[in-house]
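Protein chains in written order, with the working numbering: chain C, 1 to 266; chain Z, 1001 to 1154.
Every residue, glycine too, gets a C-beta built ideally from N, C-alpha and C.
In this text the structure is predicted, and so the values were computed from the model without any measurement.
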Amino acid sequence: MSRATPGTPPTRQDRRRLELEQRREQRRSAREKPAASPLRSPMVLFTAGALIVGAVIVGIMLLGRPVPPSVADLLPPGHEIPAGAVANGRTLGAADAKVTVEIWSDFQCPACMNFATELEPLTISGYVATGKVKLVYRDAAFQGQRYEYDESTEAAAAARCAADQGLFWQMHNWLFANWNGENEGAFAADRLRAIATAAGLNLTTYDSCMASGDQQTAVGNETASGLAAGINQTPTLIINGAKIVGSPNNFADFAMILDQAYAAAP
Amino acid sequence: MITRRVPARPLLGIHPAIILAVLDVIGLLVAGYLSVVELSGDVPSCGIISGCEEVARSPYNNFFGIPVAVFGVVLSVALLSLALAWWKTDIYGLLLGHYALSLVGVIFDGWFLYVQVFVITKVCIWCVTYEVSLLLRFLIALIVYYRQPKPEPA
C-alpha cells in the first residue's frame, strides 16, 4: 500500500481511497449537522403567520359584529291612542263620523312623519275621539321603490300585518316614532321585527304574515291605485273628497280645514 | 433563503406569476367597482340576481366604518405587486408572500361568505366572484409552491 508522494502521479488505488475518504467525511458532516426542523420551513412560517393574521381579523369582526336591534334601542311614541278613538283595521274613529280624512302616506317620508307625530295626535284627541272625524290610512309607498329591499313597502306591510292583529295604529305610532332617514335601514327587517315586538304584536303571526308577501303585494297595489288617482306626493290628505297635497303647516290651519269640512258635511 | 432567486417552473406554458397577476387584476376590478359604488353612497347592482343590495347595506359590510370592498382593493393591489415582482425577479419569498396574503384573504372571505349565507341570508354575486378569484389565487400559489424547485439552505 503506497501513498502518492509529491511529484509522482496518484495511482488508481490512491484515487479510490481519496474518494472513499471524501464520502466518509460527507456522511460524518451530514450526521453532525442538525436536521432542519420542518417548523423552520419558510412555508410553515408564512402559513402560520397568515392563519394568525386571518384569525385576528375575523376575531375583530366577531367582536364588533352588530347585534340585532332590541326594543330597548327604540324610541317610544310620544302619544297613546285615546280610549274614545275606536280602531278598525287601518281606520281610526267612529264609522259614522261626518268627516273622513284619508291619509295617503309613506312610513319613510319625513313630512308624513311630521304629520303623524305632530298634527295627528291633536287631531285624534280633538276630533277623532269626539266622533267628528275618522282617519283612514292609505299606502303611497314610493320612497323605497328603487331599492331591492324596499323599506317603504316593508314598513307598510308590517303595519298591515299589525292591522290583522288589531294593532295597526299602535304599529303606525311606533314606526313613525322610529323613523330615521330614508332608505337608511330604519325599517330593515330585524328593526321592523323589534318595532313589532314593541307595538305588542304576536311575532309568530307577524313573521308568517311578512313572509307570505301578501301584504307587500297589497301595499304595491294600493300605491299603484293611488298613483292612478293622482296621488304622487306624500302625505296627501283627502278630506271628504277634497284633496290637500302636503302636510298643513300647523294644527290651527288643519283644525280650521276640519271644522269647515264638518260644517259643510250633511 | 426566501431572498434566493429560483427560476419558476412554467404552469400552462407560462410563468405562473402571470396567471396569478391576471386573477389579481380580476379581483381588483371587482373590488374596485364595489368600492366606487359603495363609497359614492350607492349600492351595487346584481342584475337579475338579487342580494347585492342587502349585503352592501348590511353592517357586516363595514370594517371600522370602511366598506370591506376597499380592503379588497388594497389586498388585490398588494397581491398584484407581489405577482409582478415575482415574475420579474424570481425571488422565492415573493411567491410565499403571495400565498400567505391570499390565505389571509381566504380566511376573511370564508367568514364573510358565512355571514352572507347564514346571517344576512343573501348572497352578493360580486362578492362571491371576488371570493372565488381569491380562492383560485391561493390554490394556484399553493400548487406552484409544491411544483417549484426549492432554494438550497445556506
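| query | result |
| --- | --- |
| Chain Z contact residues for PHE46(C), given Cβ-Cβ distances below 7 Å | LEU1096, TYR1099 and ALA1100 |
| Any chain Z beta carbon closer than 7 Å to ILE57(C) | yes |
| DSSP state of ARG1005(Z) mapped onto helix, strand, coil | strand |
| Proximal residues, the region 152-164 of chain C versus chain Z, C-beta separation under 7 Å | none |
| CB contact below 7 Å: GLY93(C) versus chain Z | no |
| Cβ shell of LEU1101(Z) (< 8 Å), same chain only, five flanking positions each side left out | LEU1075, ALA1078, LEU1079 and LEU1082 |
| Inter-residue spacing [alpha-carbon to alpha-carbon] between GLU120(C) and GLN145(C) | 26 Å |
| Whole-angstrom distance between ILE60(C) and LEU1039(Z), CA atom to CA atom | 22 Å |
| Coil, strand or helix - LEU92(C) by DSSP | strand |
| Where MET1(C) falls, given that 16 or more other Cβ within 10 Å makes a residue buried | For MET1(C), the predicted structure reports a pLDDT of 43, less than 50, and the residue's modelled location is therefore unreliable. A value from the coordinates is still provided. Exposed, since its Cβ has fewer than 16 Cβ neighbours within 10 Å. |
| Alpha carbon of THR197(C) to alpha carbon of PHE254(C), nearest angstrom | 33 Å |
| Terminal residues of the alpha helix (DSSP H) in which ALA48(C) lies | 42-63 |
| Contact the region 147-163 of chain C vs the region 242-257 of chain C: 3+ CB pairs below 8 Å | no |
| Other residues of its chain near ASP1024(Z): CB distance less than 7 Å, five sequence neighbours each side excluded | SER1076, LEU1079, LEU1080, ALA1083 and ARG1137 |
| Backbone secondary structure at MET1(C) - three-state DSSP | Unreliable positioning characterises MET1(C) in this predicted model, as indicated by a pLDDT of 43, which lies under 50. The coordinate reading is nonetheless provided below. MET1(C): coil per DSSP, three-state reduction. |
| Of the residues PHE115(C), ALA55(C) and ALA95(C), the one placed nearest THR234(C), counting alpha carbons only | PHE115(C) |
| Bridge partner(s) assigned by DSSP for PRO248(C) | Looking at the DSSP assignment, PRO248(C) forms no beta bridge with any residue, so it has no partner. |
| Chain Z residues whose Cβ lies nearer than 8 Å to that of GLY49(C) | ALA1100 |
| Check whether GLU102(C) and GLN143(C) have beta carbons under 7 Å apart | no |
| Spatial distance of ASP14(C) from ARG27(C) (CA atoms) | 20 Å |
| Run of the alpha helix (DSSP H) containing ASP1024(Z), from where it starts to where it stops | 1016-1039 |
| Classification of ALA156(C) by the beta-carbon crowding that lies within 10 angstroms, buried from 16 upward | buried |
| Coil, strand or helix - ARG16(C) by DSSP | helix |
| Minimum Cβ-Cβ distance from PHE1108(Z) to chain C less than 7 Å | yes |
| Buried versus exposed call for ASP259(C) [16 or more other C-beta atoms within 10 Å across all chains shown] | exposed |
| Residue-level contact to chain Z via CB, GLU182(C), 7 Å cutoff | no |
| Beta-carbon proximity of ALA1008(Z) to HIS1015(Z), cut-off 7 Å | yes |
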